[in-house]
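Notes follow once the structure below has been shown.
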Amino acid sequence: MPKIIKTIKEMQETSIALAARGERVVFVPTMGYLHDGHRALLRAARPRGSTLVMSIFVNPAQFGPREDLGSYPRDLDRDLRMAAEEGVDIVFTPEAAEIYPEGFRTYVEVEGLSNTLCGASRPGHFRGVTTVVLKLFNIVMPRAALFGRKDFQQLTIIERMVKDLDIPVEIVGVETVREPDGLAMSSRNSYLSGDERKAAVCVPRAMEEARRLVAGGEARSAAVIEKVKKIIEKEPLAVIDYINVRRAEDLGDAPIVDGSSMLFLAVKIGKARLIDNTRLK
Ligand code: PAF
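The opening position of the sequence shown corresponds to residue 250 in our numbering, with each subsequent residue numbered one higher.
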């Protein structure tokens with residue numbers, strides 16, 4: 250079983266001792282309720298360092314006042330079993346008051362990238378993500394940290410923060426893990442009822458259609474978006490939040506599809522907000 254650490258003091262002392270011994274710490278931050286997407290992160294992380302640290306922290310700062318902080322799924326025992334199976338050495342799992350004690354008032358914000366796509370629908374979300382990720386980096390002091398490409402905007406923002414603030418952590422993106430029908434794995438998929446789970450397949454199906462359209466010669470992003478919209482709208486349980494085509498490097502507008510263009514979607518089905526993305530070429 251991995252060692253469990255709950256305080257910042259113990260985690261920082263451990264990190265300093267590990268560095269002094271020449272250990273290379275690799276880090277996988279999570280909010281728990283682990284699935285095979287997290288397993289892929291841990292498997293990619295394990296060979297990259299001598300000590301593998303995973304955090305489990307449901308970060309209140311990245312949830313809006315009407316979002317699912319209270320009902321976010323949690324199962325620490327199951328998470329610890331998966332951590333043990335994947336060779337995690339240390340699980341850092343602090344309480345919210347440890348990370349945000351009374352008087353806390355410093356936040357990190359990556360301008361521009363944080364208020365588009367998911368940031369437009371979830372104001373303040375990415376400010377919460379970057380703040381906690383920077384705090385976790387300062388606590389765990391990793392040499393490398395791994396993030397899933399399903400949250401491509403999050404990955405882009407963290408890469409920008411690390412560059413802009415000269416944070417000595419290598420950021421590694423890991424491919425999205427999908428269910429056999431193409432649905433991207435997510436802890437929030439557990440919110441889906443049987444019918445909603447069946448409906449959710451409209452998201453990967455629409456992405457596949459978009460790639461097919463582009464492969465067939467369509468280069469206008471507006472036409473691709475229209476096609477995706479039609480497919481999702483056919484599903485009565487699905488409510489579109491956004492469908493956009495953007496440049497991978499800086500999430501800027503991409504009216505004409507080229508090698509860097511990506512399709513980004515957010516669709517609500519019941520209580521679950523599903524996000525996904527795909528390269529179009
Ligand atoms: O992707 C997540 O699970 C979270 O946003 C992260 C990176 C652990 C920060 O809370």
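All C-beta atoms, glycine included, are put in the ideal place defined by N, C-alpha and C.
Heavy atom of the ligand PAF within 8 Å of residue i beta-carbon
i	result
Pro278	yes
Asp430	no
Ser510	no
Phe386	no
Asn493	no
Phe513	no
Val359	no
Phe306	yes
Phe353	no
Phe396	yes
Opposing strand residues paired with residue i [DSSP bridges]
i	result
Tyr491	Ala515
Ile253	Val340
Val274	Thr300
Thr279	Ile305
Asp525	Leu514
Glu419	Ala393
Ala433	Arg427
Asp502	Arg495
C-alpha distance - residue i paired with residue j, whole-angstrom precision
i	j	result
Arg297	Val275	7 Å
Tyr282	Arg270	32 Å
Glu335	Arg295	8 Å
Glu457	Lys479	13 Å
Ala497	Ala448	28 Å
His374	Ala310	7 Å
Gly398	Ala293	In the sequence on display, residue 398 carries Arg and not Gly. When rounded, the distance between both Cα atoms is 13 Å.
Asp499	Leu362	7 Å
Asn526	Met511	7 Å
Contact check, residue i vs residue j, beta carbons under 9 Å
i	j	result
Asp338	Lys258	no
Leu486	Glu428	no
Val389	Val302	yes
Ala521	Leu441	yes
Val421	Asp285	no
Leu290	Val418	no
Ile406	Thr379	yes
Pro350	Gly313	no
Val477	Leu414	no
Arg437	Asp317	yes
Leu267	Thr300	yes
Cβ shell of residue i (< 6 Å), same chain only, five flanking positions each side left out
i	result
Val307	Met280, Tyr321
Ser304	Pro278, Phe341, Leu385
Ile524	Ala515
Any non-hydrogen atom of the ligand ZN closer than 8 Å to residue i Cβ
i	result
Val423	Here the bound small molecules are the ligand PAF; the ligand ZN is not part of this structure.
Close Cβ partners of residue i (< 7 Å) along its chain, the five nearest in sequence each way excluded
i	result
Ile506	Looking at the sequence itself, residue 506 is Val, so the reference to Ile does not match. Cβ within range, chain order: Val463, Ala468, Ser470, Val473, Val494, Leu529, Lys530.
Pro391	Val274, Val275, Phe276, Val302, Val418
Ala332	Pro251, Met303, Val340
Own chain residues within Cβ distance below 8 Å of residue i, not counting five before or after
i	result
Glu347	Lys255, Thr256, Ile257
Gly519	Tyr440, Leu441, Ser442, Glu445, Leu486
Ile481	Cys451, Val452, Ala455, Ala487, Ile489, Ile492, Leu514, Val516
Lys483	Cys451
Arg323	Gly281, Tyr282, Val307
Ser509	Arg496, Ala497, Glu498, Ala503
Leu366	Gln402, Tyr491, Asn493, Arg495, Leu500, Phe513, Ala515
Asp400	Ile524
Ile416	Leu383, Phe386, Met410
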